[in-house]
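K.L.:
When you line the sequence shown up against my numbering, it's residues 178 to 395, in that order.
Glycine included, C-beta positions come from ideal geometry on N, C-alpha and C.
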Amino acid sequence: MSDYSKLRKRMVQRQIADRGVRSEIVLDAMRKVPRERFLPGGDGIFAYDDSPLPIGQGQTISQPYIVAYMVEALDLEGGEKVLEIGTGSGYAAAVLAEIAGEVYTIERIEGLATKASDVLKELGYDNVHVRHSDGTLGWPEQAPFDGIVVTAAAPDLPDALKQQLKIGGHLVIPVGESKWYQALVRVTRVAESEFETEDLLPVRFVPLIGEEGWGSTF
Ligand code: SAH
178 MSDYSKLRKR MVQRQIADRG VRSEIVLDAM RKVPRERFLP GGDGIFAYDD SPLPIGQGQT
238 ISQPYIVAYM VEALDLEGGE KVLEIGTGSG YAAAVLAEIA GEVYTIERIE GLATKASDVL
298 KELGYDNVHV RHSDGTLGWP EQAPFDGIVV TAAAPDLPDA LKQQLKIGGH LVIPVGESKW
358 YQALVRVTRV AESEFETEDL LPVRFVPLIG EEGWGSTF
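(1) Just to confirm, are Glu257 and Pro335 a CB contact at a threshold of 7 angstroms?
(2) Below 6 angstroms, is the gap between the Cβ of Tyr281 and the nearest heavy atom of the ligand SAH?
(3) With a 10 Å radius around its C-beta and 16 neighbouring C-beta atoms as the bar for buried, classify Lys183 as buried or exposed.
(4) Flag Leu385 as yes when its Cβ comes closer than 6 angstroms to any non-hydrogen atom of the ligand SAH, and as no otherwise.
(5) At what residues does the beta strand (DSSP E) containing Tyr281 begin and finish?
(6) Applying the 10 Å Cβ sphere with the 16-neighbour rule, what's the burial state of Ile396?
(7) Would DSSP call Val198 helix, strand or coil?
(8) For Phe223, name the three-state secondary structure that DSSP assigns.
(9) In or out: Phe215 buried (at least 16 other Cβ within 10 Å) or exposed?
(10) Would you list the one or two residues that DSSP bridges to Asp376?
(11) Quick check: the region 365-379 against the region 299-316, are at least 3 beta-carbon pairs closer than 8 angstroms?
(12) Do the region 251-265 and the region 274-287 meet, that is, are 3 or more Cβ pairs less than 8 angstroms apart?
(13) What is the DSSP secondary structure of Phe191, reduced to helix, strand or coil?
Structural data, given as structure tokens:
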């Protein structure tokens with residue numbers, strides 16, 4: 178077993194399972210994805226640390242526990258069509274791709290989108306589709322989605338994303354007026370025009386910048 182796979186197993190046990198993530202499909206996905214491959218060259222030794230890490234352009238790869246928690250909150254069984262906003266390094270997209278049938282992911286910074294797409298291809302994640310655009314508007318051509326996860330913080334719920342959910346599907350998104358902390362929220366589309374909202378966890382994410390997010394001067 179490589180050192181990385183030992184570190185990965187330990188990370189999943191101590192940082193994720195021991196903190197209450199119970200979904201076996203999520204834990205299995207986290208055991209499979211080589212997080213070190215998604216970090217800028219040289220940072221591999223930190224890949225299994227219990228923290229977010231810089232990935233360039235002022236952005237971060239989320240803490241492993243938060244990735245697992247958000248994916249668990251989507252309540253997937255396997256094979257679904259999922260949308261992620263904020264591709265970043267591509268790591269969370271890979272975790273989703275271990276569970277979902279198809280993953281559509283949008284990143285507003287072109288350099289990150291290209292890099293993530295290259296790594297995902299190298300690792301054989303053919304079911305991930307990366308697009309460079311403003312994710313606050315979703316991906317209407319591919320809608321509706323069984324689940325939508327947003328990995329950057331919005332000032333409030335982007336309506337376009339709610340409208341691209343299937344009935345019964347969940348939107349998991351950090352929402353808040355503050356740059357320093359937000360609430361992780363889960364929105365469930367219970368009927369065509371009926372949505373239920375639950376507060377899950379206090380979190381801290383980089384801003385979601387776009388038409389239905391923060392302005393570019395945030
Ligand atoms: N899921 C990522 C974490 C990325 S951090 C990972 O696993 O590495 C959040 C990302 O959201 C950043 O890369 C940022 O550029 C991106 N982002 C911010 N606003 C966005 C928008 N409107 N559309 C798409 N991506 C956005």
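P.N.:
A quick look at the data gives this:
(1) no
(2) no
(3) exposed
(4) Correct: Leu385 has its Cβ closer than 6 angstroms to the ligand SAH.
(5) Glu279 to Glu284
(6) The structure shown does not extend to residue 396, since the chain is modelled only from 178 to 395, so the question has no answer here.
(7) coil
(8) Note: Phe223 maps to helix in three-state DSSP.
(9) buried
(10) Answer is Val362, bridged to Asp376.
(11) no
(12) yes
(13) According to the sequence provided, residue 191 is Arg. The question's Phe does not apply to it. When DSSP states are grouped into helix, strand and coil, Arg191 belongs to the helix group.
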